[in-house]
Structure formats: structure tokens, C-alpha cells
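Chains as they are written, first to last, in this note's numbering: chain P, 295 to 573; chain Y, 9 to 297. Reading through the C-alpha cells given below for one structure.
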Amino acid sequence: MADNNVYVKVENLTYHYPDGTVALTDVSLDIHHGEFIALIGQNGSGKTTLSKCLNGLFKPTKGRVIVDGLDTRHSSITDLATKVGYVFQNPDHQIFNNTVWKEIAYGPRNIQLPEDEVKARVEESARVVGLDPSLFETHPFFLPKGIRQRVAIASILALRPKMIIVDEPTTGQDVKQSLEIMDFLKMLHEEKGHIVVIITHDMPIVGLYAKRTIVMAQGRILADGSTREVFSHPEVLEKTFVEPPQITRLAQMNADLGFSKDVMSVPEMVAQFRRIAGE
Amino acid sequence: MSAVIKFEHYSWKYTRTKVPALQDINLEIEEGALVGIIGPNDSGKTTLAYSMNGLIPNQYYGVRSGSVYVMGKEVKEYRQAELCQRVGLVFSDPEAQFTAMTVEDEVVFGMENLGLSIEEIERRLEWVVPLTDIGPLMDKPPYEVSGGQKQRVALASVLAMQPPILVLDEPTSMLDPIGRKKVFEVLRRLKEEYKSTIVVIEHSLEHLVPLADHMVLVHNGKVLLADETEPFFERMDFLMEHDVFPPGVMEFFFQLRLLGHYPNSLPLPRTLEEGTERLREMLVGGENG
């Protein structure tokens, strides 16, 4: 069917950096409304470059990227910023204003929204990410990293992009903080209807949250499918220096006893154990 | 074994904060041991690391009480240069330690400061470059390589100085899973071949747990639990209450234990291989497949 559900269409995308380095080769994929996707692969495999092609920061060397009907080659970054938001790996690489308010208002002001609309957007985004208005006049650099990350996400949401790409959302966070951030992204996905793409090395997180996983290696797509399907093939993942979560590997090493190769969590493994032990 | 680092009733409060970052720490790090320090962010782990290499109290303002000894001498009695040769610190933010314009200069910088001969510097480069897999990066500016590569450069520049004690603050947070495994493989070799004393602060326990001789849980500025690795994880209820998330295999066997399938008398498996062995004993009566 002519797929109305497609939000982003990447066709035979090749990208070379100005110095000639080949970062992406012949990448094709569709991203649909309602998806929660993990983009995984070793350091330097092209994940971040691909995301920068999706939001138009980089224009294709060959092939094309269509975002919500706009061809990125012929669209301004400003127009695309309202379609695809990109949250940097390190919030400090993104945040540059001296108050939380100005940081979140920067995007809406940049697309020349009237000041009352800017105000409404800042308040709305802050509410969604759980930032208390009492922080609006604080300098972002005096906030803890987890809060700075929320400021970074709020400033992206203020442009109301349908899709948000979050680069390494859990790096430097402890496990509890990581789960909190991921639950927050899940809420954006389920309740606010955002398409969420995470770039991550944290495989247990991928297993718990992402429905679809795209695996990259050396600028190409190595595998693309449901996370369960992708994790069932450790030999493919290994080519790009990734391995499934430890609990998945335990199941896979004991598949001959009846464990399925796509176990994603400890509770699933326990349930399978009880079945196999004949309870 | 003797303690190469010893904290005695040690407390530290940064001038700018109200609550002490560390309170009444008593802790001994034994020579040649690999010690894992875990705990939530902002619990004091990095402050503990800075207190071992003299960054605290030398470079930070604050109030200190009690003592920290490195190889028998109080940290505050050392000249910083002398202490740096004994305790090498790899920062959690690799950019915080970079000073040079190329990766090669970055790795060589510390060795030059030690006054090593050119031959010795070359010999160590031949050792550390393949070990940390940074060969292709040598001519690049350290701030231009990827996050994971930065961490390997940071590790290489500290290893090149060959300090007897290594302190690593979240050394793998930006690495891909296999890159992470490789760093721990490097630590294993340093421990086995060079008898280095290694302190690792880490959130991801999968690779740390099989290697660690001792584990320390830091929480709200205090050491809540410190023990050899096996008995440490026998306190699983306590650990989970304090937001410690054990490796998947260990958590699985802990759940089986709660359900009465896995005896208290057996330790919780620390590796995938151990887990597989236990699982097969339970399900196929000890005949290994």
C-alpha cells in the first residue's frame, strides 16, 4: 500500500564528509508513526551521521531523505527542525543560553513565533519534561546533569517535532537514572505520540524499551527488525561489536534445554525456567 | 597483603556545598587487588577517587578530616608530582584530562613529565598503543575523535606512565559493548601480568563483577558495604534496596533462589559461563552439554 504511515523515507543514502571520509553507504529505511527504535552499532559505525541526515544538518551525497513529505536537500534546517528533533549525547554540547527559559525559548523564537506563543511553548515543554518553573531563571550549567538533559530535551520539544532522536540518553547516568529517562521517553512515545529513536550502547535498555532495532556497521545497515528478532542473531551483532544483553546470551547458550533465543529480561528467563523445570 | 591505600575516619566537604561529600570513610585497598566501587551518581565515588590522587585537597576548596594514606604516607604530605607517579587517575570525562594537539602527544605528555628517555617512551608506546587499540588515531586531535575513542586515549595516557595504582572513574561509559569488554580485558592483563592495584568506579557491573576481588558500595557519602566480591553479593536484598542492579545472570539466579530453585549454599554465578554450568546442573542433573 502507498504507506501513509511512513514519516521518514531514506532511499539509497550515501554520505561523504567534506574530507572524503565515507560515513554512510547506500542506506535505505522507512520510519513509521508510532515507532520506538534503537539505533545500535560500534563507535564510528555511522549512527550519529545517519541521525544528522534525518534532521537535515547533513545533506545526502547521493540518494535522498524525505521527512514528512519534505526532501531534506531542498528544505531549510529551520523547517526540518520542526519535524525531527535531535538531542545531543552531551547536553553541554547543545545548551548555550544563560537561563533555562532562554534555552527552551531559543528554538521557537528562531522560527519567529509570536512571543505569547513562545511563552506557551516553553511552559508546555517544561511541564512535559517535569522541569519546575522555579528553575526558569537558573543558569543551566548549575543544574545536575540529569536535569540539564531534561532542559536539552525540552528545548527540542518546544519545536514540537513529531520525531525525536536522542543520542546516548543513558551515558553517564546510573542505572536508576537511566530507567527514569527511558520511562520518560516511553511516556513521550505512548502518551504524546512521538516517534522516538534512541542511539545507544546499552543493550539491556534496548531489550526493555525498543520495539524495533536497526544495527549499523561501517556506514551500512547490517540488520533491521523487531528487537527480539535482531537479538536472536548474536553472530550478526558481533560483526559490529555489539552483543545481546547477558540474560539473552544465557538463554541462547542453553537453547538446547528449551530456552528461546529472544529472551529480553530476567522475569522472562525465570518464567521459561519454571516451564522447563516442569512446574 | 598490605594496604596501599587506606582511608581512616576520612571526611570531606566541598566549600560550596552544605552536606559533606564523604563522611567517616574507613577503607583499605590491598596491594594487587582489583576493587570495584559502585553506587548511585552523586554519592561520593568521584570524590573518593580524587582523594586518592591528591586532587583533593590540593586542587579543591573544602574541609577535610581524618586521613588518607597512599603507600604508607599521608596524601597531603606528598608533592603532587610524586603522588601522580604512584596513583594514575583516568577521569570519567576524558576531555577533562586532555592537553595536547594530537593523540600521540597526549599519550607521550605524561611520560615526558616523568623524565623518561626517548627509548623508554618508544618502548612504552609500542606496548600501550596496541593494548588500547589507538594506533589509527595517533595523528588526530584528541578532542575530534569519538567519545569511546577519547576514553581509550585517556586510558592509554595514564597507563603509559605505569603507575602502581590505577584509579578509573567510569572508564567505559561511552564505549560500545565489545569496546567495554576490551577495556576490562586490559585491566585483567594489568592485574595478572603487572600486579597493578586497580580501583574501578563503574555502573555497568557485567564485566566488573567477574574480575573484582573486592566490592565497595558508596551511598550518600558513606561506605555502606565493603567486602570480598562473593560475600558482597550475598547481600543482594540490601544491594537492590540501594539501587544496585546486578548483572542479568546473577539477578536471574537470585530470583531462582527466592523461588526455592537455587540453594543458599551455592554462590550466585559471576559470569555467563558459571551461570550456564549451574543451569545445566539444575536442569540436566549435572551432565554438562
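Note that the Cβ used here is the ideal one computed from N, Cα and C, for glycine as well.
| query | Among P:Thr534, P:Leu516, P:Lys533 and P:Pro538, which has the Cα closest to the Cα of serine 253 (chain P)? | reply | In the structure as shown, chain P starts at 295 and stops at 573, and residue 253 (chain P) therefore has no counterpart that could be examined.
| query | Taking the C-alpha atoms as reference points, what is the distance between glutamate 485 (chain P) and leucine 167 (chain Y)? | reply | One alpha carbon belongs to glutamate 485 (chain P), the other to leucine 167 (chain Y), and they sit about 48 Å apart.
| Roughly how many whole angstroms lie between the Cα atoms of tryptophan 20 (chain Y) and methionine 248 (chain Y)? | So the alpha carbons of these two residues sit roughly 27 Å apart.
| query | Would you say asparagine 404 (chain P) reaches chain Y, if we count a Cβ-Cβ gap shorter than 8 Å as a contact? | reply | No, asparagine 404 (chain P) does not count as interfacial toward chain Y.
| query | DSSP on tyrosine 68 (chain Y), reduced to helix/strand/coil? | reply | Tyrosine 68 (chain Y): coil per DSSP, three-state reduction.
| field | For methionine 510 (chain P), three-class secondary structure by DSSP | value | The answer is strand: DSSP assigns methionine 510 (chain P) an E or B state.
| field | Integer-rounded CB distance, given that histidine 483 (chain P) should sit under 8 Å from phenylalanine 330 (chain P) | value | Correct: roughly 5 Å between the Cβ atoms.
| Minimum length 4: unbroken alpha helix (DSSP H) runs contained in the segment 506 to 572 of chain P | 521 to 525, 528 to 532, 540 to 547 and 560 to 570, all fully within the segment 506 to 572 of chain P.
| message | I want to see whether chain Y comes within less than 8 Å of isoleucine 447 (chain P), judged by CB atoms only; does it? | response | Taking Cβ atoms only, chain Y never reaches closer than 8 Å to isoleucine 447 (chain P), which makes this a no.
| Can you name the start and end residues of the beta strand (DSSP E) that isoleucine 398 (chain P) belongs to? | First-last for isoleucine 398 (chain P): 394 to 404, but that is the alpha helix (DSSP H), not the beta strand (DSSP E).
| field | Other residues of its chain near valine 217 (chain Y): CB distance less than 6 Å, five sequence neighbours each side excluded | value | By the criterion of a C-beta distance shorter than 6 Å, valine 217 (chain Y) is surrounded in its chain by Pro255 and Arg278, once the five residues flanking it on both sides are discounted.
| query | How should phenylalanine 352 (chain P) be labelled, buried or exposed, when 16 other C-beta atoms within 10 angstroms of its C-beta is the threshold for buried? | reply | If you draw a 10 Å sphere on the C-beta of phenylalanine 352 (chain P), you find 16 or more other C-beta atoms in it, and that means buried.
| Going by DSSP, which residues form a beta bridge with valine 191 (chain Y)? | Note: valine 191 (chain Y) sits in no beta bridge, so no partner.
| request: Would you list, in chain order, the members of the segment 157 to 184 of chain Y that have their beta-carbon closer than 8 Å to a beta-carbon of chain P? | output: Of all residues in the segment 157 to 184 of chain Y, Gln157, Glu178, Ser181, Met182, Leu183 and Asp184 have a Cβ within less than 8 Å of some Cβ in chain P.
| Per DSSP, which one or two residues make a beta bridge with tryptophan 20 (chain Y)? | The partner list for tryptophan 20 (chain Y) (beta bridge, DSSP) reads Y:Leu30 and Y:Arg72.
| request: For methionine 2 (chain Y), collect the residues of the same chain with a Cβ closer than 6 Å to its Cβ; drop the 5 residues on either side in sequence, then sort them by chain order. | output: Not covered by the structure: residue 2 (chain Y). The range shown for chain Y is 9 to 297.
| query | Under the DSSP definition of a beta bridge, which residues are partnered with aspartate 324 (chain P)? | reply | Answer by DSSP bridge pairing, in chain order: P:Lys303.
| request: Locate the alpha helix (DSSP H) running through valine 469 (chain P), then write down its first and last residues. | output: Where valine 469 (chain P) is concerned, the enclosing alpha helix (DSSP H) starts and stops at 469 to 484.
| request: Could you have a look at phenylalanine 99 (chain Y) and say whether DSSP puts it in helix, strand or coil? | output: Per DSSP, reduced to three states, the secondary structure at phenylalanine 99 (chain Y) is coil, with no helix or strand assignment.
| Any beta-carbon of chain Y closer than 8 Å to the one on glutamine 383 (chain P)? | Proximity of glutamine 383 (chain P) to chain Y, defined by a Cβ-Cβ separation below 8 Å, is satisfied.
| query | To the nearest whole angstrom, what separates the beta carbons of glycine 501 (chain P) and methionine 563 (chain P), a pair I think is in contact under 8 Å? | reply | With a contact defined as Cβ atoms closer than 8 Å, glycine 501 (chain P) and methionine 563 (chain P) miss out at about 11 Å.
| Own chain residues within Cβ distance below 6 Å of glycine 357 (chain P), not counting five before or after | Excluding positions up to five away in sequence, the list reads Glu305, Asn306, Leu307 and Thr308.
| field | As assigned by DSSP and simplified to three states, the class of phenylalanine 15 (chain Y) | value | Judged by DSSP in its simplified three-state form, phenylalanine 15 (chain Y) adopts strand.
| task | Spell out whether any CB of chain Y is found under 8 Å from the CB atom of glycine 390 (chain P). | result | Per the sequence shown, residue 390 (chain P) should be read as phenylalanine rather than glycine. No, its Cβ sits nowhere closer than 8 Å to a Cβ of chain Y.
| said: Between which residues of its own chain and isoleucine 405 (chain P) is the CB-CB distance below 8 Å, once the five residues before and five after are set aside? | reply: Within the same chain, Cβ atoms closer than 8 Å to the Cβ of isoleucine 405 (chain P) are found at Thr372, Ala375, Thr376 and Leu453, the five residues on either side in sequence being excluded.
| message | Between leucine 551 (chain P) and chain Y, is any beta-carbon pair separated by less than 8 Å? | response | Any Cβ of chain Y closer than 8 Å to the Cβ of leucine 551 (chain P) would place that residue at the interface, and such an atom is present.
| said: Buried or exposed for tyrosine 311 (chain P), going by 16 or more other Cβ atoms inside 10 Å? | reply: Tyrosine 311 (chain P) is exposed by the Cβ-count criterion.
| request: Identify whether glutamate 298 (chain Y) lies in helix, strand or coil by the three-state DSSP scheme. | output: Because chain Y spans 9 through 297 in this model, residue 298 (chain Y) falls outside it and cannot be assessed.
| Are the CB atoms of isoleucine 450 (chain P) and glycine 379 (chain P) nearer to each other than 8 Å? | In this structure, glycine 379 (chain P) lies closer than 8 Å to isoleucine 450 (chain P) by Cβ.
| Between arginine 350 (chain P) and the rest of its own chain, which residues show a CB-CB distance below 7 Å, the 5 nearest in sequence each way excluded? | Correcting the residue identity first, residue 350 (chain P) is glycine in this sequence and not arginine. Contacts found: Thr366, Ser369, Ile371 and Leu374.
| query | Is methionine 510 (chain P) closer than 8 Å to leucine 323 (chain P) when the C-beta atoms are compared? | reply | Result no, Cβ atoms of leucine 323 (chain P) and methionine 510 (chain P) do not sit closer than 8 Å.
| task | Step through the CB atoms of chain P and report whether any lies within less than 8 Å of the CB of leucine 280 (chain Y). | result | Yes, because at least one Cβ of chain P sits closer than 8 Å to the Cβ of leucine 280 (chain Y).
| Any idea if lysine 26 (chain Y) is buried or exposed, counting beta-carbon neighbours within 10 angstroms, 16 or more meaning buried? | By the C-beta density criterion, lysine 26 (chain Y) is exposed, having fewer than 16 other C-beta atoms within 10 angstroms.
| task | Could you tell me which of P:Val490, P:Gln546, P:Ser428 and P:Ile515 sits nearest to tyrosine 637 (chain P), measuring between CA atoms? | result | Residue 637 (chain P) falls outside the range modelled here, since chain P spans only 295 to 573, and no answer is possible.
| Straight-line gap, isoleucine 492 (chain P) to glycine 513 (chain P) (C-alpha atoms, nearest Å) | If I take the Cα positions, the gap works out to 17 Å.
| CB contact check: proline 498 (chain P) to chain Y, cutoff 8 Å | With 8 Å as the cut-off, proline 498 (chain P) counts as an interface residue toward chain Y.
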